[in-house]
Amino acid sequence: MSTSDAPPNKPGFKRRLWAKLPLVCLIFLLICVGVLFSRIQSKKETLQAEQEAALKTGEPLVNVVTLEALPREMADEINFPGTVIPFMEVTVLAEVHGQVTKRHVDQGVVVNTGDVLVTLDARDYENQLAASKASYQAAVAHKNRIEKLYRKKLATRSRYDDAVAQVNTLKAGMETATLNVGRGVIRAPMDGVLNRLPVEVGRYLHVGDPVAHIIDIDQVKVAVGIPESDVDAVRGIDSFDVTVDALGGKVFTGKPYRFSKTADAMARLYPLEILLDNADGQLLPDMFTRVAIVKKRIFDALAVPLYTVITKNDAAYLYVVEENRAREKRVHLGIQEGWFVQVTEGLAPHDQVIVVGHRGVSEGSPVRVVRTVTDPKEIRP
141 MSTSDAPPNK PGFKRRLWAK LPLVCLIFLL ICVGVLFSRI QSKKETLQAE
191 QEAALKTGEP LVNVVTLEAL PREMADEINF PGTVIPFMEV TVLAEVHGQV
241 TKRHVDQGVV VNTGDVLVTL DARDYENQLA ASKASYQAAV AHKNRIEKLY
291 RKKLATRSRY DDAVAQVNTL KAGMETATLN VGRGVIRAPM DGVLNRLPVE
341 VGRYLHVGDP VAHIIDIDQV KVAVGIPESD VDAVRGIDSF DVTVDALGGK
391 VFTGKPYRFS KTADAMARLY PLEILLDNAD GQLLPDMFTR VAIVKKRIFD
441 ALAVPLYTVI TKNDAAYLYV VEENRAREKR VHLGIQEGWF VQVTEGLAPH
491 DQVIVVGHRG VSEGSPVRVV RTVTDPKEIR P
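With our numbering applied, the sequence shown corresponds to residues 141 to 521, in that order.
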């Protein structure tokens with residue numbers, strides 16, 4: 141048999157399968173569309189039934205979000221502005237007049253008690269000291285001679301007393317001259333940071349002129365003004381949280397250092413000083429702070445967003461959901477923390493408080509709860 145007489149080849153299985161693939165995909169897509177359409181139709185029928193039920197009562201159905209009332213911790217916290225001040229500071233003044241001959245340190249360095257800061261030209265005082273010493277020595281010799289004569293009854297008692305008085309006067313003058321020589325060397329009276337040294341070599345200083353400003357900031361204080369209404373609450377607090385915005389909102393914990401018994405005459409605020417450790421030197425004088433004072437802490441409070449409270453005739457009300465209807469409840473409010481307020485009466489644990497849609501309902505309105513949350517932080521005002 142010749143090749144031309146053989147029967148033609150039939151298509152393979154794979155070729156037949158690829159040929160029918162579009163038809164299979166089309167059938168699968170039609171099935172998916174049918175299922176989706178069925179679900180949409182079912183949901184539509186449910187909504188229509190709810191709407192028809194609402195129409196029968198003559199009231200529209202309101203979609204709401206509810207918050208399950210659960211006990212939580214709340215704090216009655218108040219915040220006051222404060223300012224960082226040095227734990228201790230002193231301004232060094234010139235005790236004698238004279239010209240500055242040398243500055244021994246620079247601004248910003250750490251100094252210890254007794255370190256020399258500035259030296260004045262003390263030659264005038266040294267001359268005065270030398271003259272005082274000479275006069276004193278002569279007076280002592282004169283007194284000794286009068287004393288011998290007085291013992292021999294050759295001098296009166298008054299001459300001897302005058303000689304003694306002269307010695308004492310000149311001795312005091314000599315001691316003053318010695319002090320003045322020493323005051324020409326101006327020293328640090330305390331340990332700390334040399335904050336300012338506003339004198340230069342060659343400047344003439346008078347008595348009382350400022351020479352240096354030294355601050356101790358190993359510890360610092362925060363000065364706060366407390367209103368009269370909060371004085372009693374502050375008295376019982378033994379620690380404070382102090383936030384410093386300049387340090388990225390870092391929070392420091394301090395203790396009360398001094399609480400004034402009298403108010404500032406102008407602002408009518410009672411000065412409070414809070415002591416903070418500052419070993420790392422982060423806190424600097426004049427930094428602005430915010431001091432948090434917790435007046436009261438409640439561990440099982442029922443709290444709702446403040447905006448959900450409706451006020452009518454000086455009374456507060458909330459709407460809760462009971463059996464798919466809105467129910468109005470009169471409540472009493474307590475402390476406030478942020479945008480939450482404590483409900484002290486009128487609300488029970490696990491009540492479903494309407495937090496979204498409460499402005500569109502009234503007593504007995506039919507509602508549909510589209511979402512329920514348990515954490516107030518899930519809600520945004």
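Where a beta carbon is used, it is the ideal one built from N, C-alpha and C, also for glycine. In this text, all values refer to a predicted model and were calculated from it rather than measured experimentally.
Contact under 8 Å by Cβ, residue i with residue j
i: V250; j: M330; result: no
i: V224; j: V362; result: yes
i: L169; j: V495; result: no
i: I218; j: I414; result: no
i: L345; j: A234; result: yes
i: H244; j: V232; result: no
i: L269; j: T309; result: no
i: N418; j: Q476; result: no
i: V501; j: A456; result: no
i: V364; j: L334; result: no
i: S379; j: K390; result: no
i: G324; j: G238; result: yes
i: L387; j: Q247; result: no
i: G332; j: D301; result: no
i: A303; j: K288; result: no
i: G497; j: V205; result: yes
Which of helix, strand or coil DSSP assigns to residue i
i: D145; result: Reliability fails at D145, whose pLDDT of 48 lies under 50, so the model's placement of it is uncertain and no value is given.
i: V513; result: strand
i: R398; result: strand
i: L337; result: coil
i: P329; result: coil
i: I171; result: helix
i: Q247; result: coil
i: E477; result: strand
i: V360; result: strand
i: D417; result: strand
i: S505; result: coil
i: P200; result: coil
i: E287; result: helix
i: E463; result: coil
i: L412; result: strand
i: I377; result: coil
i: K137; result: Only positions 141 to 521 of the chain appear in the structure, and residue 137 is not among them; the question remains open.
i: G348; result: coil
i: G500; result: helix
i: R343; result: coil
i: H282; result: helix
i: N252; result: coil
i: K293; result: coil
i: V236; result: coil
Residues sharing a beta bridge with residue i, DSSP
i: Y457; result: I450, R470
i: V230; result: I354
i: Q492; result: E208
i: K242; result: T259
i: R437; result: A215
i: P425; result: Looking at the DSSP assignment, P425 forms no beta bridge with any residue, so it has no partner.
i: A443; result: Q482
i: P221; result: R430
i: G365; result: P411
Opening and closing residue of the alpha helix (DSSP H) in which residue i lies
i: K311; result: 297 to 323
Assumed close pair residue i, residue j - CB separation to whole angstroms, cut-off 8 Å
i: L442; j: V483; result: 5 Å
i: Y397; j: V371; result: About 16 Å separates the two Cβ atoms, so there is no contact after all.
i: G342; j: V258; result: Actually they are not in contact, since the Cβ atoms of G342 and V258 sit about 12 Å apart, beyond 8 Å.
i: L210; j: P489; result: 6 Å
i: A403; j: E368; result: 7 Å
i: T383; j: R430; result: 5 Å
i: G461; j: Q492; result: Sequence check: residue 461 is Val here, not Gly. Correct: roughly 4 Å between the Cβ atoms.
i: G486; j: R470; result: 6 Å
i: E262; j: V321; result: Residue identity differs from the one stated: residue 262 is Ala in this sequence, not Glu. Rounded, the Cβ-Cβ distance is 5 Å, consistent with contact.
i: Y276; j: K311; result: 6 Å
i: Q306; j: A328; result: With 8 Å as the limit, Q306 and A328 do not qualify as a contact, their Cβ atoms being about 39 Å apart.
Range covered by the beta strand (DSSP E) that runs through residue i
i: V483; result: 480 to 485
i: A405; result: Counting along the chain, A405 falls outside any beta strand (DSSP E), and DSSP gives it neither H nor E.
i: D381; result: 380 to 384
Residue i Cβ short of 7 Å to the ligand MN heavy atom set
i: Y276; result: Questions concerning the ligand MN fall outside what the structure shown contains, since it holds no ligand whatsoever.
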